[in-house]
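All remarks here apply to the structure that follows.
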Amino acid sequence: MPMPQRYRDELMKNRADEHRAALSDTSRDLLKTCAHMVFWVLAGWVFIGFAVHTTQAALGRVLYLTGFLVWVPGVLFSILAAYRRGEKRGDW
Numbered sequence: 007m008p009m010p011q012r013y014r015d016e017l018m019k020n021r022a023d024e025h026r027a028a029l030s031d032t033s034r035d036l037l038k039t040c041a042h043m044v045f046w047v048l049a050g051w052v053f054i055g056f057a058v059h060t061t062q063a064a065l066g067r068v069l070y071l072t073g074f075l076v077w078v079p080g081v082l083f084s085i086l087a088a089y090r091r092g093e094k095r096g097d098w
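If you read the sequence shown in this note's numbering, its first letter stands for residue 7, the second for the next number, and so on.
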């Protein structure tokens, strides 16, 4: 027996609202992840910038490697955290 049109319309409206809310959550999380990645890249660049402007070779090497140790793991952590949040939400 087919579902009455009134119930079907109400069900479709509810599902559309839920889908819109889920897309909003996913988009907001994507923007948050992008902001975190930009932060980590800029933080690493600050250390690398100090390394370029120093006159001591040893200090420059330490700052340069510190910049990469801030930059790369920070971006990796941001991406993995976004994946974990998406798994919890059921995005993928």
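Positions of the beta carbon are idealized from the N, C-alpha and C atoms, including for glycine.
Burial state of residue i, where buried means 16 or more other Cβ atoms lie within 10 Å
| i | result |
| --- | --- |
| S84 | buried |
Test item: CB-CB of residue i and residue j under 9 Å
| i | j | result |
| --- | --- | --- |
| V78 | G96 | no |
| F45 | T72 | no |
| M4 | V81 | Residue 4 lies beyond the stretch modelled for the chain, which goes from 7 to 98, so this question has no answer here. |
| T60 | L69 | yes |
| M7 | L17 | no |
Close beta carbons around residue i, own chain, < 8 Å, minus the five adjacent residues each side
| i | result |
| --- | --- |
| D23 | none |
Residues of its chain near residue i, where Cβ-Cβ distance is below 7 Å and the 5 sequence neighbours each way are ignored
| i | result |
| --- | --- |
| A57 | G66, L69, Y70, G73 |
| R91 | D35 |
Neighbourhood of residue i by C-beta distance below 6 Å, restricted to the same chain and skipping five residues each side
| i | result |
| --- | --- |
| A88 | T39 |
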